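Protein chains in written order, with the working numbering: chain A, 1 to 259; chain B, 260 to 518. Idealized CB from N, CA, C, for every residue including glycine. Treat the numbers as computed from the prediction; the structure is a model and nothing was measured.
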């Protein structure tokens with residue numbers, strides 16, 4: 001299947017592949033991601049403590065695209081609730097995921113995928129899983145990129161992320177207000193992730209920089225309960241779900257102004 | 260086909276759709292992009308002056324995925340060589356593209372797509388085309404996001420763009436050395452686009468910030484002549500093709516350090 005991994009007599013190295021499944025809309029999966037998932041022996045999907053026993057977002061995208069893939073899916077723990085730091089519980093979660101992957105390889109799997117919302121290269125736990133697995137066995141690690149939430153928010157709201165010479169910055173709200181303020185000072189367009197719980201602070205920091213910006217908040221992007229909101233549509237102090245994205249862009253009035 | 264655009268008796272509004280076709284690898288197209296392209300009446304693809312009469316990158320991705328789409332393709336001019344500003348030639352190029360779209364709608368097309376490398380929301384000319392068309396006729400504008408070159412570079416080099424609390428910034432090298440230096444001061448990971456011609460300066464600015472960063476240069480990502488290079492693999496003063504991407508990330512030594 002893959003020209004890059006096979007030769008006639010040498011068995012190919014086992015492969016661990018981080019597969020980005022996009023922001024929520026099952027159609028925003030790439031052709032490559034679908035092919036790789038269909039070729040996999042085992043597909044790991046993260047499941048949060050809060051939703052144990054339920055189908056997670058990544059799992060839903062996979063089975064919406066190909067219900068037959070359900071048979072290959074193994075749910076592994078994902079700890080989203082820990083605010084920061086390499087907590088023991090977080091390390092334990094990576095270890096459990098790594099153990100599931102290693103067991104699959106030992107049972108004969110040649111290709112194990114980890115399906116992750118968005119892109120495995122953007123705030124994903126895939127890197128930690130891959131580091132943990134490669135510390136104990138020799139596997140080839142690959143990554144298939146996926147559409148991120150900021151791209152979905154920009155497309156859905158039809159507000160370009162960046163034009164011409166504009167600078168784009170992506171900031172996790174967990175980095176704190178000071179970091180967000182410093183970034184707003186340098187970048188034209190700023191996107192804040194994971195800002196649901198701290199939405200009032202995030203909007204406050206943005207408003208302090210300029211009232212002339214265009215700001216949009218997207219929640220549950222690409223899902224049936226998707227919402228696109230302006231800051232004025234939130235009550236004072238109102239928060240939003242964890243998977244929220246805030247985008248603020250400079251005002252663009254003239255055609256081609258930012259070139 | 261689209262639940263959101265049809266009702267029984269009202270003819271749907273004509274639609275102009277910016278479709279991101281990804282960085283170069285035809286498989287990095289989304290399922291949605293392929294469906295939309297296949298549903299379109301006309302597909303506009305940008306062609307540069309330098310490559311007139313040749314198949315451009317976006318066109319190649321479209322026909323690699325479905326050779327039958329070639330019959331719907333119209334090449335429109337794209338001026339990449341102008342360094343900056345809203346030049347008259349640039350405006351003329353948008354106008355030509357807009358005229359082709361308007362003529363297609365007037366000839367009965369219900370859906371016209373503009374296929375763009377990467378994502379229509381990230382430094383694409385689609386916004387200008389859409390603004391020019393909507394100034395003269397009533398069409399619904401939509402955007403289908405695509406995988407960007409920075410995501411492809413990160414995936415191919417297996418160096419995550421951002422982990423934990425890291426800040427990501429995307430800067431067009433055309434914004435100048437001062438902007439790049441200011442961004443490097445605030446962001447953890449910085450990606451510079453369009454830095455081929457100015458590669459020596461871009462690498463120099465990065466080196467001045469820190470020698471401890473991991474820096475990768477990707478050229479022709481996703482194409483047969485793709486190259487991934489470290490700064491040391493470039494001779495002093497050597498430039499790179501226009502479609503080059505430079506990514507510099509902080510050194511990450513400990514598992515989970517950036518959380």
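query                                                                                                                                   : result
Residue 69 of chain A at chain B interface by Cβ criterion, 8 Å                                                                         : no
Opening and closing residue of the beta strand (DSSP E) in which residue 300 of chain B lies                                            : It is not in any beta strand (DSSP E) - residue 300 of chain B carries neither H nor E in the DSSP assignment.
Between the CA atoms of residue 472 of chain B and residue 493 of chain B - distance to the nearest angstrom                            : 17 Å
Neighbourhood of residue 273 of chain B by C-beta distance below 6 Å, restricted to the same chain and skipping five residues each side : 364, 369 and 398
Extent of the continuous beta strand (DSSP E) run through residue 332 of chain B                                                        : 332-337
Spatial distance of residue 468 of chain B from residue 181 of chain A (CA atoms)                                                       : 21 Å
Proximity winner among A/228, A/64, A/150 and A/40, relative to residue 108 of chain A (alpha-carbon distances)                         : A/40
Rounded straight-line distance, which links the Cα of residue 326 of chain B to that of residue 248 of chain A                          : 39 Å
is_contact[residue 81 of chain A, chain B] using C-beta, thresh 8 Å                                                                     : Here the model assigns residue 81 of chain A a pLDDT of 43, short of 50, so the residue's position is not dependable and the matter cannot be decided.
Contacts of residue 158 of chain A in chain B (Cβ-Cβ under 7 Å)                                                                         : 400 and 402
Chain-ordered chain B contacts of residue 35 of chain A [CB-CB under 9 Å]                                                               : 286
CB of residue 77 of chain A within 8 Å of CB of residue 97 of chain A, strictly                                                         : yes
Nearest-angstrom Cα separation, counted from residue 282 of chain B out to residue 296 of chain B                                       : 17 Å
Contact set between residue 264 of chain A and chain B, taken where Cβ atoms lie within less than 9 Å                                   : Outside the displayed range of chain A (1 to 259) lies residue 264 of chain A, so it cannot be described from this structure.
Separation of residue 165 of chain A from residue 387 of chain B, as counted between CA atoms                                           : 14 Å
Check: residue 102 of chain A C-beta below 7 Å from any heavy atom of the ligand COA                                                    : As presented, the structure is devoid of all ligands, the ligand COA included, so that no description of it is given.
Per DSSP, the bridge partner or partners of residue 142 of chain A                                                                      : A/17
8 Å Cβ cutoff, residue 431 of chain B in contact with chain A                                                                           : yes
C-beta atoms of residue 503 of chain B and residue 477 of chain B nearer than 8 Å                                                       : yes
Continuous beta strand (DSSP E) stretch holding residue 510 of chain B: start and end                                                   : Looking at the DSSP string, residue 510 of chain B is not in any beta strand (DSSP E), and its letter there is neither H nor E.
Per-residue burial, residue 157 of chain A [other beta carbons within 10 Å of its own, 16 or more giving buried]                        : buried
N-terminal and C-terminal residue of the beta strand (DSSP E) that residue 114 of chain A is part of                                    : 111-116
Chain B within 8 Å of residue 163 of chain A, Cβ atoms only                                                                             : yes
Contact with chain A by residue 441 of chain B, beta-carbon distance below 8 Å                                                          : yes
C-beta atoms of residue 114 of chain A and residue 176 of chain A nearer than 8 Å                                                       : no
For residue 476 of chain B, the three-state DSSP class (helix, strand or coil)                                                          : strand
Entirely enclosed alpha helix (DSSP H) segments - the region 156-217 of chain A, minimum 4 residues                                     : 177-186 and 199-209
Exposure of residue 230 of chain A, with buried meaning 16 or more beta-carbon neighbours within 10 Å                                   : exposed
Residue 314 of chain B versus residue 185 of chain A: straight-line alpha-carbon distance, rounded                                      : 41 Å
When B/303, B/280 and B/412 are compared against residue 485 of chain B, the one with the closest alpha-carbon                          : B/412
Beta carbon proximity, residue 473 of chain B to chain A, threshold 8 Å                                                                 : no
Chain-ordered neighbours of residue 30 of chain A on chain B, where CB pairs are closer than 8 Å                                        : 281, 286, 287, 288, 289, 290 and 406
Helix, strand or coil at residue 29 of chain A according to DSSP, with G and I counted as helix                                         : coil
Chain A residues whose Cβ lies nearer than 9 Å to that of residue 378 of chain B                                                        : 147, 151, 154, 155 and 161
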